[in-house]
Structures are given as C-alpha cells and as structure tokens.
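Step one of this worksheet: look at the structure below.
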Amino acid sequence: MAFTQKPLPFAMDALEPYGMKAETFEYHYGKHHKAYVDNLNKLVEGTELANKPLEEVITTSFKDSSKAGIFNNAAQVWNHSFFWESLKPNGGGSPTGDLATKIDSTFGSFDAFKEQFSNAAATQFGSGWAWLVDDGGTLKITKTPNAENPLVHGQKPLLTLDVWEHAYYIDFRNARPAFIKNFLDKLVNWDFVAQNLG
Ligand code: MN3
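Structure (structure tokens):
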C-alpha cells in the first residue's frame, strides 16, 4: 500500500481573504507536499517500511542514519498534513476552554504565548518548523530544523507553522515575521489544537 497525500482540508483559494493566495497552495500542496509523498513511495518500495504506519516510518528511520532520505520525506509528508489542519479560513483569534487555561498557566498569558511562539518561528535558522507540543502533560513551544518533528522526541504535536521559505515567499516574499503574524492573527485553527490536546 503506497502512502497517499491527504486532501487539503479547504479549497486552494479559501485563504485568499486571509493573506495566502491559491498560488501558494498550488505550489506548496500541489508540488512540494506531493513530491515528498512520491519520493517516500519510491524510497520504501519493496521494503518492509512500505507497509508500516507513517508515524512508525518516521520514528524508526530517524534513528538510522542510512535512512535519512526516507526520514526526511516521511516526516515532511506528516508535517505538511498537520500544517494544513493547523490552518483555517477566518482562524486565529484566541483559544477557549481547557486549552486557553493551559496556555495562560504555562506561558503567563495568551499574548506571552504568541510572543514566544513568534520568536521560535522567527529564530529557526534556515528551514524548519515551529510547534506547540504536549510534552508529558506540559505545554511547550519548540522549533525543529528541516524535516525533524516532535514525534521523534516523544512529544505530542498540537500546532505547527512551516517556516521553510517556500511556505511564505509567494505571499510575503522574504518577510517571515509578517507571515508569522498573519498566521497567528488570521489562520490558526484553535479547534484542531484543542482536539489534539484531547
Ligand atoms: Mn513546506
């Protein structure tokens, strides 16, 4: 069974009123994400990993330097699917309920959370990801380089932002901080984050 690319959870042009053009998704979903899926399928074809769950492919290949290509593509397949779910049209605003309480008690306030998350996303040097994770019951903000993700550190991902240049160059050119601010103000799917917290 080959790995498949999950459908984008909104139309390609659904985020146009919220700062991200259809062209971004034509490239980022239609070309970058699809290429990771295609590459992964080529790399695992005929091996035992071809029939494993994607999460298991990620955690096992991370520990084996001879499988770096498999790890990079498998993790990028997972990371992008998780990133699309982290976005929604007319998102952003503030979380509610348990999640809001946890964010306030962990980071001091929602504004302090936004500042720390923005800082992590802005300071990830080169390509990578910013995350909100549940690390054994404690909320944490982390950043990872390239394809690395919280699954390989035993953390439960709650929210992510792709900070590879290809994620923001069409809409924001080189202005990563403007992309981060737009994500927090207009795009975060807090219902998805709350669902992940469980
Ligand atoms: Mn990307």
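For the sequence shown, my numbering assigns the number 14 to the initial residue and increments by one for each residue that follows.
Glycine is no exception: its CB is placed at the ideal position from the N, C-alpha and C atoms.
The beta-carbon separation of GLN129 and PHE123, rounded to 11 Å, does not stay under the 8 Å limit for a contact. Assignment of THR109 by DSSP, reduced to helix, strand and coil, places it in the coil class. The Cβ-Cβ distance between THR157 and GLY141 falls below 8 Å. Residues ILE116, PHE123, TRP203, VAL206 and ALA207 of the same chain have their beta carbon placed closer than 8 Å to that of PRO108, with the five preceding and five following residues left out of the count. For PRO163, the number of other beta carbons within 10 angstroms of its own is at least 16, and it is reported as buried. One Cα belongs to LEU21, the other to SER78, and the distance between them is close to 31 Å.
In the DSSP annotation of this structure, the continuous segment of the alpha helix (DSSP H) that includes VAL206 starts and ends at 203 to 210. Non-local beta-carbon contacts of TYR49 in its own chain, meaning distances under 6 Å to residues more than five positions away in sequence, involve ASN86, GLN89 and VAL90 in chain order.
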